[in-house]
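Each residue of the sequence shown is one higher than the last, beginning at 0 in numbering that gives the first Met the number 0.
Heads up: the structure comes next, in structure tokens.
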Amino acid sequence: MTVCRGIRGATIAEENTADGIYSATKELLDGLIEGNSIIEREVAAVYFTMTPDLNAVFPAAVARQAGWNNTALMGGTEIAVPGSLTKCIRILILLNTDKEPQELVNLYLRGTDALRRQGVESI
Numbered sequence: 000m001t002v003c004r005g006i007r008g009a010t011i012a013e014e015n016t017a018d019g020i021y022s023a024t025k026e027l028l029d030g031l032i033e034g035n036s037i038i039e040r041e042v043a044a045v046y047f048t049m050t051p052d053l054n055a056v057f058p059a060a061v062a063r064q065a066g067w068n069n070t071a072l073m074g075g076t077e078i079a080v081p082g083s084l085t086k087c088i089r090i091l092i093l094l095n096t097d098k099e100p101q102e103l104v105n106l107y108l109r110g111t112d113a114l115r116r117q118g119v120e121s122i
């Protein structure tokens, strides 16, 4: 049965420049697409967030430049929690799929693997 499931990922931009944000976002989005064999028509929406210290370019531009012109894309700013990662880009892909949650590949690059444990510990 096809259901809508979330696929998550995060990475760190080297610097707050268009190139820095674009390259980090592209690496992450490409990895999520490849790791989950995603095709655009199965994507319900993609939500991109960045920490407040990143603002040089919209990360959703990466998806548009990849040809995702029929997908709903949204961007936002992460909450500035003291002690949290800086220069962090996160992606949430809402995917219509027959896969079970444990079959989906979430991707944490460039030192963001600690994010997977955060939240679980604080509950």
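Virtual Cβ for every residue (Gly too), placed ideally from N, Cα, C.
Would you call the CB atoms of residue i and residue j closer than 9 Å?
i	j	result
residue 86	residue 14	yes
residue 6	residue 31	yes
residue 58	residue 20	yes
residue 94	residue 65	no
residue 24	residue 97	no
residue 56	residue 90	no
residue 70	residue 42	yes
Excluding the 5 residues preceding and the 5 following residue i in the sequence, name in chain order all residues of the same chain whose CB lies nearer than 7 Å to its CB.
i	result
residue 76	48, 49, 51
residue 105	6, 7, 8
residue 103	4, 6, 35
Measuring straight from C-alpha to C-alpha, what distance separates residue i and residue j?
i	j	result
residue 110	residue 84	9 Å
residue 74	residue 82	22 Å
residue 99	residue 79	33 Å
residue 3	residue 107	21 Å
Pull up the CB-CB distance for residue i and residue j, whole angstroms please, since I reckon it's below 8 Å.
i	j	result
residue 53	residue 62	Not confirmed; about 17 Å, so no contact.
Below 6 Å CB to CB, which residues in the same chain sit around residue i once its five sequence neighbours on both sides are set aside?
i	result
residue 67	39
residue 120	Note that residue 120 scores a pLDDT of 40, beneath 50, so its modelled location is shaky; the value from the coordinates is reported in the next line. The answer is none, since no qualifying residue turns up.
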